[in-house]
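Okay, structure first, notes after.
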Amino acid sequence: MLPARQTPEPSTPMVLPPAKIATSFLVLAAFVALFATKWGYFTLCPETCTNCPHSGYFEYECAGRPHQSSWSSWWHPHHAVEKERHHSSRAQRAGATTKDWNILYYLGGNGPWVEKVHNVVEGGIAVPDGCKVEQIHMMARHAERYPVGKASERIRSLHHKLKTSEKTLEGDLAFVNNWQLFWSDEHNGHLTTTGPFSGTLGAFTTGVRLRTRYHDLIDQAQTGVGKIRFWASDSARVIDTARYFAVGFFGLNWTNIAHLEVIPETSDRGGDTLTPGDTCPEYLDDREEGYDKGARLTELYRSNYLNATRERFLNQNPSIEFNDEHLFAMQEICGFETTVRGSSPWCDAFTQDEFISFEYARDLLHYYRSGPGTKYAGTMGWLWLNATTNLMLEGHSAGPLFLSFVHDGDIAPMITALDIINEDEHLPITHIPQKRRWRKSQVAPMGGRVIFEMLSCGVEESREKYVRININDGITALPDCQSGPGQSCPLDDFVAKMKRRGEELGDFREKCGLSDDAADRITFLHQKAVVGSSQPEAGWLVSSAIDTSDP
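For the sequence shown, full-length UniProt numbering assigns the number 1 to the initial residue and increments by one for each residue that follows.
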């Protein structure tokens with residue numbers, strides 16, 4: 001459980017010290033950080049872990065130790081203890097962290113990365129006994145970012161209302177009298193760069209974590225021809241995430257090792273894309289069943305749960321009234337500000353019940369916008385899934401590493417096509433089903449990732465291949481294919497399932513209203529050398545969609 005966070009003091013311009021002083025400072029800082037980390041480890045996990053199945057997964061070996069220490073817990077360890085003295089209550093302020101409540105799980109994908117904890121296979125992420133990972137395929141969302149689009153507009157509208165009202169707020173909103181906005185226009189949609197949950201830090205840390213798990217695959221990949229290719233859709237925050245990740249995964253000299261290929265997000269790509277939602281005209285134009293469906297149903301739901309909140313704020317501040325957009329923006333700020341400042345007073349303006357409802361509103365938005373609730377999602381998501389399945393069939397000769405960076409609206413269709421977190425019935429807008437599987441915070445949080453591991457298990461003479469799916473560090477079994485080690489899916493069965501899904505979901509061009517000469521598949525996802533290409537200094541280049549389907 002992550003302890004409560006302290007809001008960091010406003011930063012001041014940094015003046016670089018002389019080299020010798022800087023070196024001494026870095027050594028001292030490293031020593032203090034090491035001491036703090038060790039203190040946190042031995043305090044929370046004093047006994048040696050004796051049943052650790054895989055030394056490469058040390059960070060997960062002791063369940064009582066946090067995956068990454070928060071800054072405040074390093075320097076103020078008593079804060080975590082104080083917070084846990086509270087008794088859990090749904091009427092309690094949502095920002096208070098207890099053993100039963102962590103606000104990060106109720107931000108609906110607007111906050112820091114969290115691991116998947118619902119409907120996961122017991123035993124953790126360690127590789128099953130007798131198995132080894134031979135190939136991985138990752139689809140990852142960009143890391144933590146500033147608000148953009150409608151969320152940015154809502155928050156700025158709220159901020160303008162608050163600052164121009166010339167009223168002194170009371171009660172739960174009293175803090176607003178001294179509160180300042182946490183970003184400016186030039187930051188819109190970019191990775192956050194401050195605080196313990198900064199997007200730049202998160203992307204780098206993810207790279208280091210996965211290097212720890214899969215360092216053998218990096219070594220194997222470098223024995224091939226040319227640089228290791230990996231992919232990002234053409235968005236600044238996605239590209240930046242891939243590059244910060246690369247520093248952690250490949251090292252500072254990553255441009256000498258790897259080749260980041262940027263895939264345009266333009267509509268003319270057809271099926272040869274990482275962002276099928278941008279290339280499917282029917283999906284974008286269909287007001288009832290397409291992209292707009294999620295927002296429409298979410299508005300219907302939130303109009304019910306926000307009534308009590310509005311009444312409470314109005315009782316405390318009779319001279320100012322908030323509409324649904326304002327109230328929803330307040331809850332959105334909780335997550336976005338936390339990624340920038342480490343915490344947010346807006347979280348405590350609401351109860352736990354109100355954030356449970358907010359989480360569900362965000363679940364509805366993405367379930368019906370780009371998940372199982374729209375008829376287009378599966379067909380869009382099958383493009384990447386089909387290309388990935390073919391690489392698994394190709395096996396060792398295809399290469400061991402395939403890393404793709406995209407948006408959350410691209411992960412949801414892929415998960416829909418995979419048919420792994422689909423509901424028995426579509427999510428209702430009248431109430432919250434407590435046993436639902438689709439939880440946006442755990443499906444595609446900022447920095448979220450889905451990793452397909454191709455396992456080789458058994459004795460050397462007769463090793464069998466299996467597919468295991470890791471969603472945000474929670475191993476998730478396919479409902480109808482989990483007979484392998486650690487509830488993995490035999491490769492042959494996985495391939496057969498993907499073939500059936502492709503037949504069920506239909507042709508991408510037909511579903512999206514594209515012409516017959518439009519691309520119907522992904523062609524760039526491979527590790528074959530690009531003949532005649534040169535690596536730009538920045539370490540990435542835009543793909544021209546090399547067709548390798550029929551060499």
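C-beta atoms are modelled at their ideal positions from N, C-alpha and C, and glycine is treated no differently.
- When the beta-carbon positions are compared, residue 217 and residue 242 stay at least 7 Å from each other.
- In this structure, the CA atom of residue 528 is about 12 Å from the CA atom of residue 221.
- One Cα belongs to residue 281, the other to residue 149, and the distance between them is close to 20 Å.
- Between the segment 236-252 and the segment 181-201 there are three or more C-beta pairs closer than 8 Å, enough to call the two in contact.
- Put simply, the segment 156-164 does not touch the segment 509-525. Fewer than three CB pairs are less than 8 Å apart.
- At a Cβ-Cβ threshold of 7 Å, residue 339 and residue 327 do not count as neighbours.
- A distance of 7 Å or more separates the beta carbons of residue 455 and residue 414.
- Counting only unbroken stretches of 4 or more residues, the alpha helix (DSSP H) elements lying wholly within the segment 213-287 are 236-249, 254-257, 281-285, in sequence order.
- Excluding residues up to 5 positions away in sequence, 139, 471 lie with their Cβ nearer than 6 Å to the Cβ of residue 450 in the same chain.
- Residue 228 is positioned such that its CB atom lies no closer than 7 Å to that of residue 203.
- In terms of CA proximity to residue 268, 517 leads the group 524, 517, 525, 526.
- Residue 406 counts as buried, since at least 16 other C-beta atoms from the protein chains shown sit within 10 angstroms of its C-beta.
- In chain order, 93, 94, 95, 103, 334, 338, 355 place their CB closer than 8 Å to the CB of residue 347, counting only its own chain and leaving out the 5 sequence neighbours on each side.
- In the structure shown, the three-state DSSP call for residue 442 is helix.
- Residue burial annotation: residue 431 is exposed, with fewer than 16 other C-beta atoms found within 10 angstroms of its C-beta.
- For the options 168, 185, 186, the alpha carbon positioned closest to that of residue 179 is the one of 168.
- Per DSSP, residue 427 is not a residue of any beta strand (DSSP E), being assigned neither H nor E.
- When C-alpha distances from residue 98 are compared across 325, 352, 141, 195, the shortest belongs to 352.
- Under DSSP, residue 451 shares a beta bridge with 138, 470.
- Spanning the alpha carbons of residue 111 and residue 350 requires a straight line of approximately 16 Å.
- Taken through DSSP and simplified to helix, strand or coil, residue 478 comes out as strand.
- From the listed residues 412, 388, 320, 409, the smallest Cα separation to residue 498 is found for 388.
- Closest option to residue 250, judged by alpha-carbon separation, among 441, 505, 403: 403.
- Contact between the segment 415-431 and the segment 371-383 is present: three or more C-beta pairs spanning the two stretches fall below 8 Å.
- When secondary structure is reduced to three states using DSSP, residue 168 falls in the coil class, being assigned neither helix nor strand.
- Cα atoms of residue 487 and residue 465: separation of roughly 13 Å, rounded to the nearest angstrom.
- Taking the Cβ atoms as the reference, residue 366 lies roughly 7 Å from residue 408, within the contact range of under 8 Å.
- Under the Cβ criterion (8 Å, minimum of three pairs), the segment 389-400 counts as touching the segment 125-141.
- Cβ-Cβ distances below 6 Å link residue 279 to 267, 269, 270, 273 in the same chain, with the five nearest sequence neighbours on each side left out; the list follows chain order.
- Between residue 302 and residue 324, the C-beta spacing is below 7 Å.
- Counting every other CB atom within 10 Å of its CB across the protein chains shown gives residue 500 a total below 16, marking it as exposed.
- About 21 Å separates the beta carbons of residue 183 and residue 448, which is beyond the 8 Å limit, so they are not a contact pair.
- A distance of 7 Å or more separates the beta carbons of residue 379 and residue 502.
- Collapsing the DSSP output to three states places residue 404 in a strand.
- When beta bridges are read from the DSSP output, residue 456 appears opposite 132, 465.
- For residue 232, the number of other beta carbons within 10 angstroms of its own is at least 16, and it is reported as buried.
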